[in-house]
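Asker: Got a structure for you, written out below as structure tokens; questions coming shortly.
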Amino acid sequence: MVKRKPNRDGGGKRRASQARALGTMILGSMLFLPGVLAAAEPPPANMDWSAVQKLMKRVDELEAEVKALRARDSLRPTTAAAPVTEAAIPKETFPQISFHGFGDINYRFSNESGSKNAFALGQLDFFVTSRIAENLSILNETVIEANEENNFGIEIERLLLQYRGTDWFNLDVGRYHTSVGYYNTAYHHGTWFQTAVGRPQFLDFEDGGGLIPAHNVGVSAHGAIPSGSLNLAYVLEVGNGRPYHPVGSAKAPVLNVSDDNEYKSVNLALMVKPDSIPGLQAGIGAYHDTLTPDNLSRTDELLLHAHVVFKNSVWEFLNEGFLMRHSERLGPTHYTPAAYTQLARTFGKLRPFVRFSYVNAPDADPALSLIGANGLRWGPSLGIRYDFSDFAALKFQYDRVQRGGEGNINQFTSQLAFTF
Numbered sequence: 179m180v181k182r183k184p185n186r187d188g189g190g191k192r193r194a195s196q197a198r199a200l201g202t203m204i205l206g207s208m209l210f211l212p213g214v215l216a217a218a219e220p221p222p223a224n225m226d227w228s229a230v231q232k233l234m235k236r237v238d239e240l241e242a243e244v245k246a247l248r249a250r251d252s253l254r255p256t257t258a259a260a261p262v263t264e265a266a267i268p269k270e271t272f273p274q275i276s277f278h279g280f281g282d283i284n285y286r287f288s289n290e291s292g293s294k295n296a297f298a299l300g301q302l303d304f305f306v307t308s309r310i311a312e313n314l315s316i317l318n319e320t321v322i323e324a325n326e327e328n329n330f331g332i333e334i335e336r337l338l339l340q341y342r343g344t345d346w347f348n349l350d351v352g353r354y355h356t357s358v359g360y361y362n363t364a365y366h367h368g369t370w371f372q373t374a375v376g377r378p379q380f381l382d383f384e385d386g387g388g389l390i391p392a393h394n395v396g397v398s399a400h401g402a403i404p405s406g407s408l409n410l411a412y413v414l415e416v417g418n419g420r421p422y423h424p425v426g427s428a429k430a431p432v433l434n435v436s437d438d439n440e441y442k443s444v445n446l447a448l449m450v451k452p453d454s455i456p457g458l459q460a461g462i463g464a465y466h467d468t469l470t471p472d473n474l475s476r477t478d479e480l481l482l483h484a485h486v487v488f489k490n491s492v493w494e495f496l497n498e499g500f501l502m503r504h505s506e507r508l509g510p511t512h513y514t515p516a517a518y519t520q521l522a523r524t525f526g527k528l529r530p531f532v533r534f535s536y537v538n539a540p541d542a543d544p545a546l547s548l549i550g551a552n553g554l555r556w557g558p559s560l561g562i563r564y565d566f567s568d569f570a571a572l573k574f575q576y577d578r579v580q581r582g583g584e585g586n587i588n589q590f591t592s593q594l595a596f597t598f
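Counting in the working numbering, the final residue of the sequence shown is number 598, and the numbers go up one at a time with none missing.
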């Protein structure tokens with residue numbers, strides 16, 4: 179059954195119909211009933227003719243109301259159907275963009291020879307994501323940073339097309355942070371996320387003399403491994419790898435658009451997050467690449483990494499270990515161990531922390547000598563973080579670095595880190 183739409187003039191039309199029916203009944207009764215009654219008996223002498231006259235007057239009033247309603251309807255223009263415009267046709271909306279920013283401002287004082295105490299602008303980090311389809315999204319992280327000559331530069335740190343298929347298979351294509359250990363993917367470029375003012379020195383980025391290949395350009399597949407309450411997960415990455423250029427070289431430390439050889443780096447990592455111990459994560463992995471350093475023989479690189487981490491709203495306990503092997507095709511094999519441990523506890527808005535780091539890169543390793551990452555470095559760091567706002571924190575950190583065969587370094591750093 180088709181339902182009729184309500185009409186605001188429906189009441190008037192019903193009254194008109196009722197008036198016509200009532201008038202017809204009254205007139206018919208007055209014309210027909212007298213004849214019938216006359217055949218039976220004369221009308222009563224006491225008939226109330228005034229009542230009859232009132233009824234007739236009411237009929238006249240109803241008929242006049244009907245005529246007025248009809249006249250009003252005849253003057254009302256007919257409403258035409260609204261044309262279907264282009265704006266009324268639904269269109270696919272343009273993808274929305276989610277934007278966040280991070281930054282930090284520092285003051286450093288060190289007794290290292292040649293260093294000067296100074297205020298320093300840190301990285302200005304722009305983080306953008308956009309969902310372009312049901313299972314596709316774009317991630318971009320771009321950093322503006324000044325170099326030692328006080329000149330600003332812009333670098334795309336991450337640019338990824340992300341496919342989210344199932345819990346067991348997801349794909350990132352582009353420039354990413356390698357899943358070598360825990361810190362490199364847990365803490366990206368925004369220092370606001372980190373408890374300390376920065377990374378352990380040997381985990382610094384490539385342009386800062388770090389030991390690991392922090393960035394790569396290629397493909398990263400990751401997902402869950404069916405394992406019940408163990409919550410196993412995997413990461414498999416294939417990319418261009420890391421180039422080894424001399425310190426101060428004009429060549430970029432990341433192979434963004436071309437590779438320097440025909441070999442590709444491969445990284446495989448496995449993680450576990452058991453439900454029985456909330457906050458615990460452990461993982462192991464192996465990274466392999468074939469290097470062709472400038473003016474050096476081809477070198478086989480193998481980097482083993484492992485971590486055990488416990489984090490909740492109160493405690494932060496980070497532990498990582500690395501072992502790098504460089505096997506020269508026409509020379510010896512060199513091993514570089516590295517590790518750190520970090521403990522922090524939250525007391526309201528305060529979070530004191532302590533860290534101990536160690537790396538021993540042989541001076542005889544020609545590849546590490548190229549990038550300035552060789553040598554013995556170890557020592558403690560002490561500090562405190564104060565979250566005076568939901569989106570800003572003040573940090574103080576003291577570092578003592580023991581250097582084998584060289585003088586020790588004492589450094590103090592204060593930092594304002596924020597997000598917006």
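Ideal Cβ positions, reconstructed from N, Cα and C, are used throughout, including at glycine. Note that the structure is a prediction, hence the values are computed from the model and not measured.
Any chance you could list the beta strand (DSSP E) runs of at least 3 consecutive residues sitting entirely within the segment 516-561, in chain order?
Answerer: Runs found: 528-539.
Asker: If you draw a straight line from the C-alpha of L428 to the C-alpha of D385, how long is it?
Answerer: One-based indexing of the sequence shown puts residue 428 at position 250. One-based indexing of the sequence shown puts residue 385 at position 207. The question names Leu, but residue 428 in the sequence shown is Ala. Going by the C-alpha atoms only, they are around 11 Å apart.
Asker: What runs of the alpha helix (DSSP H), each 4 residues or longer, lie entirely inside the segment 335-420?
Answerer: Entirely contained in the segment 335-420, the alpha helix (DSSP H) runs reaching 4 residues are, in chain order, 361-364.
Asker: What does the alpha-carbon distance come out to for the pair H367 and Q301?
Answerer: Indexing the sequence shown from 1 puts residue 367 at position 189. Indexing the sequence shown from 1 puts residue 301 at position 123. Whole-angstrom Cα-Cα distance: 8 Å.
Asker: State yes or no: is the C-beta of E471 within less than 8 Å of the C-beta of A545?
Answerer: In the sequence shown, the residue the question calls residue 471 occupies position 293. In the sequence shown, the residue the question calls residue 545 occupies position 367. It is Pro, not Glu, that sits at residue 471 in the sequence shown. Contact flag set, yes.
Asker: Pull up the distance between the alpha-carbon of A551 and that of F272, whole angstroms please.
Answerer: Locating residue 551 in the sequence shown gives position 373, where the first residue counts as 1. Locating residue 272 in the sequence shown gives position 94, where the first residue counts as 1. The straight-line gap from Cα to Cα measures roughly 46 Å.
Asker: Please state the DSSP three-state secondary structure of R503.
Answerer: Counting from 1 along the sequence shown, the entry for residue 503 is found at position 325. Reduced to three states, the DSSP call for R503 is strand.
Asker: Please state whether the Cβ-Cβ distance between L496 and Y360 is less than 8 Å.
Answerer: On the sequence shown, residue 496 is found 318 positions in, with the first residue counted as 1. On the sequence shown, residue 360 is found 182 positions in, with the first residue counted as 1. Cβ distance < 8 Å, so L496 and Y360 count as in contact.
Asker: Starting from G463, follow the beta strand (DSSP E) in both directions and report where the run begins and ends.
Answerer: In the sequence shown, counting from the first residue as 1, residue 463 sits at position 285. Its beta strand (DSSP E) spans residues L458 to L469.
Asker: Output yes or no for whether 8 Å exceeds the beta carbon distance between I283 and L594.
Answerer: Taking the first residue of the sequence shown as position 1, residue 283 is located at position 105. Taking the first residue of the sequence shown as position 1, residue 594 is located at position 416. Yes; because the gap between Cβ atoms is below 8 Å, this pair is in contact.
Asker: Considering V579, what are the terminal residues of the beta strand (DSSP E) in which it resides?
Answerer: By one-based count along the sequence shown, residue 579 stands at place 401. Here the beta strand (DSSP E) through V579 covers A570 to R581.
Asker: Give me whichever residues DSSP pairs with E494 in a beta bridge.
Answerer: Walking along the sequence shown from the start, residue 494 turns up at place 316. According to DSSP, which records beta bridges pairwise, E494 is partnered with K489 and A522.
Asker: Apart from the five residues on each side of it in sequence, which residues of its chain come closer than 6 Å, Cβ to Cβ, to R563?
Answerer: Residue numbering aside, residue 563 sits at position 385 when the sequence shown is read from its first letter. Excluding residues within five positions, the ones whose Cβ falls inside 6 Å are T373, R529, A571 and K573.
Asker: Rounding to the nearest angstrom, what Cα-Cα distance links G583 and D303 in this structure?
Answerer: Position 405 of the sequence shown holds residue 583. Position 125 of the sequence shown holds residue 303. One C-alpha to the other measures close to 37 Å.
Asker: Okay, do the segment 514-531 and the segment 351-359 touch, 3+ Cβ pairs below 8 Å being the bar?
Answerer: No: fewer than three Cβ pairs fall under 8 Å.
Asker: At the level of alpha carbons, what is the spacing between T369 and H504?
Answerer: As a first step, residue 369 is located in the sequence shown; it is residue number 191 there, counting from the start. As a first step, residue 504 is located in the sequence shown; it is residue number 326 there, counting from the start. Roughly 31 Å between the two C-alpha positions.
Asker: If you draw a straight line from the alpha carbon of I267 to that of Y341, how long is it in whole angstroms?
Answerer: Indexing the sequence shown from 1 puts residue 267 at position 89. Indexing the sequence shown from 1 puts residue 341 at position 163. Summary for I267: the model assigns pLDDT 49, below 50, so the residue's position carries little reliability; its value from the coordinates is reported in the next sentence. Roughly 30 Å separates the two Cα atoms.
Asker: With the cut-off set at 8 Å, would you say G557 and V579 are in Cβ contact?
Answerer: If you number the sequence shown from 1, residue 557 lands on position 379. If you number the sequence shown from 1, residue 579 lands on position 401. Yes.
Asker: Is it the case that the Cβ atoms of A522 and F531 are separated by a distance below 8 Å?
Answerer: In the sequence shown, counting from the first residue as 1, residue 522 sits at position 344. In the sequence shown, counting from the first residue as 1, residue 531 sits at position 353. A contact, by the Cβ cut-off of 8 Å.
Asker: Flag this pair as yes or no: are the beta carbons of I549 and Y422 separated by less than 8 Å?
Answerer: By one-based count along the sequence shown, residue 549 stands at place 371. By one-based count along the sequence shown, residue 422 stands at place 244. In contact: I549 and Y422 (Cβ atoms closer than 8 Å).
Asker: Going by DSSP, name the residue or residues bridged to Q589.
Answerer: The residue you call residue 589 lines up with position 411 of the sequence shown. S288 and D577.
Asker: Who does A324 pair with in a DSSP beta bridge?
Answerer: Working through the sequence shown from its first residue, we reach residue 324 at position 146. F330.
Asker: Indicate, with yes or no, if the ligand SAH has a heavy atom lying under 7 Å from the CB of L302.
Answerer: Annotation note on the ligand SAH: not contained in the displayed structure, which lists no ligands.
Asker: With a Cβ-Cβ cutoff of 8 Å, do S398 and V413 count as a contact?
Answerer: In the sequence shown, residue 398 corresponds to position 220, counting from 1. In the sequence shown, residue 413 corresponds to position 235, counting from 1. Against a cut-off of 8 Å, the Cβ pair of V413 and S398 comes out as a contact.
Asker: Taking the alpha-carbon positions, what's the F371 to S491 distance?
Answerer: The residue labelled residue 371 in the question sits at position 193 within the sequence shown. The residue labelled residue 491 in the question sits at position 313 within the sequence shown. Cα to Cα, F371 sits roughly 14 Å from S491.
Asker: Would E319 and R336 be called neighbours here (beta carbons separated by less than 8 Å)?
Answerer: Walking along the sequence shown from the start, residue 319 turns up at place 141. Walking along the sequence shown from the start, residue 336 turns up at place 158. Closer than 8 Å, so yes.
Asker: According to DSSP, is L482 part of a helix, a strand, or is it coil?
Answerer: Your numbering for residue 482 matches position 304 in the sequence shown. Reduced to three states, the DSSP call for L482 is strand.
Asker: Just to check my reading of the structure: E415 and N439 have Cβ atoms closer than 8 Å, yes? What is that Cβ distance to the nearest angstrom?
Answerer: For the purposes of this step, residue 415 is taken as the residue at position 237 of the sequence shown. For the purposes of this step, residue 439 is taken as the residue at position 261 of the sequence shown. About 18 Å; that fails the 8 Å criterion.
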